[in-house]
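Numbering of the sequence shown is given in this note's numbering, commencing with residue 1 and proceeding in unit increments. C-beta: ideal position from N, C-alpha, C; glycine also. This structure is a prediction, so every number in the text was calculated from the model and none was measured. First comes the structure, then the notes that go with it.
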Amino acid sequence: MLVTEKAPAKLNLSLDTPMRYFDGSPRWDMVMVSADLADYVTVETHLHPGTIKVYTDSGFLPNDQRNLAYQAAHILRNRFHQREGVTIRIRKHIPVAAGLGGGSSDAAAVLRALNRIWRLDLSLEELATLALSIDSDVPYCVYGKLAHVTGHGEKIELLPAQPHYWAVIAKQQTSVSTPQILRQINYEQLHHLNNQQLIASLKAGDWATAVQYMGNVLEPVTMRTHPEIRRLKDKMIKLGADVAQMSGTGPTVFAVCHTESRARRIQNSICGFCRDVHVVTLL
Ligand code: ATP
Numbered sequence: 001m002l003v004t005e006k007a008p009a010k011l012n013l014s015l016d017t018p019m020r021y022f023d024g025s026p027r028w029d030m031v032m033v034s035a036d037l038a039d040y041v042t043v044e045t046h047l048h049p050g051t052i053k054v055y056t057d058s059g060f061l062p063n064d065q066r067n068l069a070y071q072a073a074h075i076l077r078n079r080f081h082q083r084e085g086v087t088i089r090i091r092k093h094i095p096v097a098a099g100l101g102g103g104s105s106d107a108a109a110v111l112r113a114l115n116r117i118w119r120l121d122l123s124l125e126e127l128a129t130l131a132l133s134i135d136s137d138v139p140y141c142v143y144g145k146l147a148h149v150t151g152h153g154e155k156i157e158l159l160p161a162q163p164h165y166w167a168v169i170a171k172q173q174t175s176v177s178t179p180q181i182l183r184q185i186n187y188e189q190l191h192h193l194n195n196q197q198l199i200a201s202l203k204a205g206d207w208a209t210a211v212q213y214m215g216n217v218l219e220p221v222t223m224r225t226h227p228e229i230r231r232l233k234d235k236m237i238k239l240g241a242d243v244a245q246m247s248g249t250g251p252t253v254f255a256v257c258h259t260e261s262r263a264r265r266i267q268n269s270i271c272g273f274c275r276d277v278h279v280v281t282l283l
């Protein structure tokens, strides 16, 4: 049987971390949303016992157990004693290692696809619990909808969908290592966000107030070594974005706009120096 799942990019409308756990990993407090910039993940199972094979159209990605999509299939296969061979084909559109959760979303898409193919009947909540061992963003990506995400990434509170907004997603050529940025966090220097206000505004459908509480406390950490991120963010705000900020640990910067024409204006103004620019709607 063959199933194709869309694997959308995630954006952090807010990203905060109040503390580290004893094992050194951050405790997260984030509001996440998905965008219609997506990979397409096709999962095929074979009647005969076999292995997991991953094919991608990107030369940069591993095809073995280091691929998060492979890990997702491996976990579900072992947990439910399935023996069938699994072939995964990924068409990448989400920039890699960009803070857009591309690998996590591919993994979540494999979980959803195999849940259908093997008729496991798992709820999204059960899939999200299994997903946490892959990466902290995978539980959110199982849902792929506006949500408040806390803990290691496993506590998900879905928030009401918002009206149609546009985002300009721009990734400069620079690359950022997430583990390196996480190691550099000095918790005493973080300027924490008021996520409760953000969530209350989103629940009230008050976008104008919500944008005032968006933010990413890791911006100063990544910008220390990547000042070009600040320059791009400042430019987007000057060009009239409702809000512009870094996603995840960067380097991607996104601008949210309430009209398509504003988003296109920003795209046209930055595409001269930043080639990887997408205008999308928020899901
Ligand atoms: P994170 O913040 O979790 O590191 P990211 O959103 O910045 O993720 P990804 O595109 O998910 O970026 O890539 C992060 C790392 O995961 C890369 O080093 C990449 O090689 C690896 N990876 C494994 N599987 C995938 C996949 N299917 N798609 C993209 N990257 C993958």
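So does Thr249 have its beta carbon nearer than 7 Å to some heavy atom of the ligand ATP? If you number the sequence shown from 1, residue 249 lands on position 249. Yes, the ligand ATP has a heavy atom inside 7 Å of this Cβ.
Grouping DSSP H, G and I as helix and E and B as strand, with all else coil, what is Pro220? On the sequence shown, position 220 is the one that residue 220 refers to. DSSP places Pro220 in helix when its eight states are reduced to three.
Answer yes if the region 138-150 comes into contact with the region 228-242, meaning at least three C-beta pairs across the two stretches below 8 Å, and no otherwise. no
Which ranges does the beta strand (DSSP E) cover as unbroken runs of at least 3 residues, wholly within the region 69-130, from first to last along the chain? 84-91
Residue environment, Met1, which counts as buried when at least 16 other CB atoms sit within 10 Å: If you number the sequence shown from 1, residue 1 lands on position 1. Met1 should be labelled exposed.
With Ala107 and Ala131 assumed to form a contact (beta carbons below 8 Å), what rounded beta-carbon distance in angstroms separates them? For the purposes of this step, residue 107 is taken as the residue at position 107 of the sequence shown. For the purposes of this step, residue 131 is taken as the residue at position 131 of the sequence shown. Rounded, the Cβ-Cβ distance is 7 Å, consistent with contact.
Excluding sequence positions up to five away, which residues of its chain have a Cβ less than 7 Å from the Cβ of His48? Residue numbering aside, residue 48 sits at position 48 when the sequence shown is read from its first letter. Result list for His48: Gly85, in chain order.
Which residue marks the beginning of the alpha helix (DSSP H) containing Gln245, and which one marks its end? In the sequence shown, counting from the first residue as 1, residue 245 sits at position 245. Unbroken run through Gln245 is the beta strand (DSSP E), 243-246; no alpha helix (DSSP H).
Under 8 Å by Cβ, that's how I've got Thr174 and Pro251 pegged, so tell me the actual separation to the nearest angstrom. Locating residue 174 in the sequence shown gives position 174, counting from the first residue. Locating residue 251 in the sequence shown gives position 251, counting from the first residue. Right, the Cβ-Cβ distance comes to about 5 Å (below 8 Å), so this counts as a contact.
Skipping 5 residues on each side, what residues in its chain have a beta carbon closer than 7 Å to that of Asp137? In the sequence shown, counting from the first residue as 1, residue 137 sits at position 137. Correct list, in chain order: Lys10, Gly101, Ser104, Gly153.
Three-state class that DSSP yields for Pro62 in the structure shown: Working through the sequence shown from its first residue, we reach residue 62 at position 62. Pro62 falls in the coil class under three-state DSSP.
In the structure shown, what three-state DSSP assignment does Ile185 receive? For the purposes of this step, residue 185 is taken as the residue at position 185 of the sequence shown. Correct three-state label for Ile185: coil.
Relative to the C-alpha of Val149, which candidate in Ile199, Trp166, Ile266, Ile88 has its C-alpha closest? Looking up residue 149 in the sequence shown gives position 149. The shortest C-alpha separation from Val149 is found at Ile199.
Ala72: CB within 7 Å of a non-hydrogen atom of the ligand ATP: As a position in the sequence shown, residue 72 is number 72, starting the count at 1. Ala72 Cβ: outside cutoff for every heavy atom of the ligand ATP.
Pull the bridge partners of Lys10 from the DSSP assignment, please. On the sequence shown, residue 10 is found 10 positions in, with the first residue counted as 1. Beta-bridge pairing links Lys10 to Ser34.
Closest Cα partner of Lys6 within the set Asp16, His278, Ala113: As a first step, residue 6 must be located in the sequence shown, where it is residue number 6. Cα-wise, what sits closest to Lys6 is Ala113.
Residue environment, Pro95, which counts as buried when at least 16 other CB atoms sit within 10 Å: Indexing the sequence shown from 1 puts residue 95 at position 95. Pro95 should be labelled buried.
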